[in-house]
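If you use the numbering used here, the sequence shown corresponds to residues 4 to 184, in order.
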Amino acid sequence: MKILLAVFILLAAAGGAFAYIQSDPDWYVRLRYPLEYEHIVTGHAENYDLDPALLAAVIYRESKFDAQARSSSGAIGLMQLLPDTAKGIALHTGGTHFEVSDLLDPEINVRYGAFYLRRLLNKYGDIRLALAAYNAGQANVDEWRAENKGIAFPETRQYVDEVLAARDIYAKTYADELGLG
């Protein structure tokens, strides 16, 4: 009987510890998932009818909110836009003069990234496919759809899952800052 009681107490303690680990304190979540440029994020989310938590999650996954971020593939800024993509967005949205250095400006980068994300959501009508296109390119997603496949690249499936998980974290942790509360 004493052994059974000891096992029960041990299991209860382990369960309590596990529950504590599963619910990180707010300060830790905010440290792990920072939010910067929230006025830019919320402004462009509203302008392009996007969930601001989703927009913040894409920025987090792409650059961890580093406005100077550059990838080996040539993507630049908070939302890691390729210069050719950004030039097309600039022309499509009425811009008359585009310079690659514009992508280092958080306001411009998030504006173009939000425009592009909205366009992908409109095209695919599915958040997972839109995020997959943001990561792997529209040509790949179009090919997968034509072949009735899901997201074929494991790294893109992981990207989509990470963005959606981060979206939920941003929605819960930063509800007030993102105008969700």
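For every residue, glycine included, the Cβ atom is placed at its ideal position computed from N, Cα and C.
All values derive from a computational prediction rather than experimental measurement.
Take Leu132 and list the residues in its own chain whose beta-carbon comes closer than 6 Å to its own, dropping the five residues that flank it on each side.
-> The residue you call residue 132 lines up with position 129 of the sequence shown. Short of 6 Å from the beta carbon of Leu132, and not among the five residues preceding or following it, lie these beta carbons of its own chain, in chain order: Val144.
Rounded C-alpha distance that separates Leu120 from Trp147 | Position 117 of the sequence shown, counting from 1, holds the residue named residue 120. Position 144 of the sequence shown, counting from 1, holds the residue named residue 147. When rounded, the distance between both Cα atoms is 19 Å.
Following the continuous alpha helix (DSSP H) through Pro28, name the residue where it begins and the one where it ends.
-> Taking the sequence shown and counting its residues from 1, the one referred to as residue 28 is at position 25. Neither: Pro28 is in no alpha helix (DSSP H) and is coded neither H nor E.
For Gly153, collect the residues of the same chain with a Cβ closer than 6 Å to its Cβ; drop the 5 residues on either side in sequence, then sort them by chain order.
-> Counting from 1 along the sequence shown, the entry for residue 153 is found at position 150. Cβ neighbours of Gly153 beyond the five flanking positions: none.
Is it buried or exposed for Thr99, if we count other Cβ within 10 angstroms and need 16 for buried?
-> In the sequence shown, residue 99 corresponds to position 96, counting from 1. Burial call: exposed.
How about the region 169-176 and the region 47-65: do they share at least three Cβ pairs that are nearer than 8 Å?
-> Taking a cut-off of 8 Å on C-beta distances, the region 169-176 touches the region 47-65, as three or more cross pairs fall below it.
Opposite Ile79 in the DSSP bridges: which residues?
-> Here residue 79 refers to the residue found at position 76 when the sequence shown is read from its first residue. Partner(s): Arg73 and Leu84.
Can you list, in chain order, the residues of its chain whose CB lies under 7 Å from that of Ile111, leaving out five sequence neighbours each side?
-> As a position in the sequence shown, residue 111 is number 108, starting the count at 1. Around Ile111: Asp105.
Ala89 and Tyr51: beta carbons closer than 8 Å?
-> Start at 1 with the first residue of the sequence shown, and residue 89 comes out as number 86. Start at 1 with the first residue of the sequence shown, and residue 51 comes out as number 48. Cβ distance not < 8 Å, so Ala89 and Tyr51 don't count as in contact.
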